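*Asks:* Numbering (my numbering), first residue to last: 8 to 280.
From the three backbone atoms N, C-alpha and C, an ideal C-beta is built for every residue, glycine too.
In this text, all values refer to a predicted model and were calculated from it rather than measured experimentally.
Here's a structure for you.
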Amino acid sequence: MFPEGTGPAPDPAGSHFERRIRSFQPRRSRVTSGQADALKRLWPTWGLDIDGQRTLDLADLFGSDCPVVLEIGFGMGEATAQMAAADPGTGILAVDVHTPGQGNLLNLADRNGLSNIRVANGDAIILLREMLPPACLDGLRVYFPDPWPKKRHHKRRLIQPEFLTLAATRLKPGALIHCATDWEPYAEQMLEVLTAHPDFENTQEDGGYAPRPAFRPLTRFEGQGLDKGHVVHDLLFRRTETTKSAGSGGTDRPEGQAGPAKSAGPNPPPRAL
Ligand SMILES: C[S@@+](CC[C@H](N)C(=O)[O-])C[C@H]1O[C@@H](n2cnc3c(N)ncnc32)[C@H](O)[C@@H]1O
8 MFPEGTGPAP DPAGSHFERR IRSFQPRRSR VTSGQADALK RLWPTWGLDI
58 DGQRTLDLAD LFGSDCPVVL EIGFGMGEAT AQMAAADPGT GILAVDVHTP
108 GQGNLLNLAD RNGLSNIRVA NGDAIILLRE MLPPACLDGL RVYFPDPWPK
158 KRHHKRRLIQ PEFLTLAATR LKPGALIHCA TDWEPYAEQM LEVLTAHPDF
208 ENTQEDGGYA PRPAFRPLTR FEGQGLDKGH VVHDLLFRRT ETTKSAGSGG
258 TDRPEGQAGP AKSAGPNPPP RAL
């Protein structure tokens, strides 16, 4: 659709990286002329393809000393743009495979003068695994991930132990992972796998869901869920000081510099990631 280098590539990682079970379904949605125009104008500056072939330097992308939060699955990007406007000192690396949403978010960023958003095109797993260095992220947001309600599709759900193990290696110690969903069984699964994971601890002393933090705007999918009478759950967990899960092997910390053990004491209140 776009000449090479001038817009998001249709399948940026190609078949180079085997991606077993994907958490998204390729959608053939129409790109409006406004979105296409934004992609042509703004992609070369603010967009990046997840080709899995290089390591990103977040200081290069956002400027040194800028905390960076990864948002996986921004959809049409309205909530992303609101969060970027409310917190201009934080960079948002926003990833999705959805071309109309990428165009929409670029348009919103452009119209509102938001220079703290970068739009990544492709599979967030490849981004995390192949392109982000250890302990580079100050936060991770996953808002209303596809719920995959059918039992035979549960394996496609993003929030699984293996995903958390990978994410933990890319998050800085103490960084927050913030998930939200309106799909009750998925909320229960998220709470279960996050609670069981050795690299995360709940910010809630009662070990349950978190009250919705003021920094999370209403998202498009959330609105649709609320219209159907769904109850929304937020989950706010903090990455522990060291990673303990198998395979992550302390990649985020030089040898011999183990941090304190997972705290059993009360947690400080979460701030916006
Ligand atoms: C249900 S939508 C929610 C969108 C938005 N967060 C909201 O609440 O309106 C989930 C989004 O996640 C994206 N997605 C799912 N898995 C992904 C992955 N592995 N990498 C990038 N995007 C993904 C989908 O393309 C979709 O746009």
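Judging by CA-CA distance, which residue of ARG48, ILE57 and ASP44 is the nearest neighbour of ALA127?
*Replies:* That would be ILE57, whose Cα lies nearest to the Cα of ALA127.
*Asks:* Would ASP259 be called buried (16 or more neighbouring beta carbons within 10 Å of its own) or exposed?
*Replies:* Unreliable positioning characterises ASP259 in this predicted model, as indicated by a pLDDT of 38, which lies under 50. The coordinate reading is nonetheless provided below. Looking at its Cβ environment, which holds 16 or more other Cβ atoms inside 10 Å, ASP259 is buried.
*Asks:* Buried or exposed for LEU183, please, with buried defined as at least 16 other CB atoms from any protein chain shown within 10 angstroms of its CB.
*Replies:* LEU183 should be labelled buried.
*Asks:* Write down the C-beta distance between PHE69 and GLY108 rounded to the nearest angstrom, noting that I regard them as a contact closer than 8 Å.
*Replies:* About 21 Å separates the two Cβ atoms, so there is no contact after all.
*Asks:* Is it a yes or a no for the segment 191 to 202 touching the segment 44 to 61, going by three-plus beta-carbon pairs under 8 Å?
*Replies:* Touching, no, given that fewer than three Cβ pairs across the two stretches are closer than 8 Å.
*Asks:* Counting C-beta neighbours from all protein chains within 10 Å, is the total for PRO15 16 or more, i.e. buried, or is it exposed?
*Replies:* Counting Cβ neighbours within 10 Å, PRO15 comes out buried, since at least 16 surround it.
*Asks:* Please list, in chain order, all residues of the same chain as GLN231 whose beta carbon is under 6 Å from its beta carbon, the five residues on each side excluded.
*Replies:* Excluding positions up to five away in sequence, the list is empty.
*Asks:* From TYR150 to ILE79, what distance separates their C-alpha atoms?
*Replies:* Taking the straight line from one Cα to the other gives about 8 Å.
*Asks:* Any idea which residues DSSP pairs ASN209 with across the strands?
*Replies:* PHE244.
*Asks:* So ALA91 packs on LEU55, CB below 8 Å; how close in whole Å?
*Replies:* Their Cβ separation, rounded to whole angstroms, is 16 Å, which puts ALA91 and LEU55 out of contact at 8 Å.
*Asks:* Just to confirm the assignment, what range does the alpha helix (DSSP H) spanning GLY230 have?
*Replies:* Counting along the chain, the alpha helix (DSSP H) containing GLY230 begins and ends at 227 to 234.
*Asks:* Between ASN123, ARG118 and HIS204, which lies nearest to SER3 when the distance is taken from Cα to Cα?
*Replies:* In the structure as shown, the chain starts at 8 and stops at 280, and residue 3 therefore has no counterpart that could be examined.
*Asks:* List the endpoints of the continuous beta strand (DSSP E) containing GLY146.
*Replies:* 144 to 150 is the extent of the beta strand (DSSP E) around GLY146.
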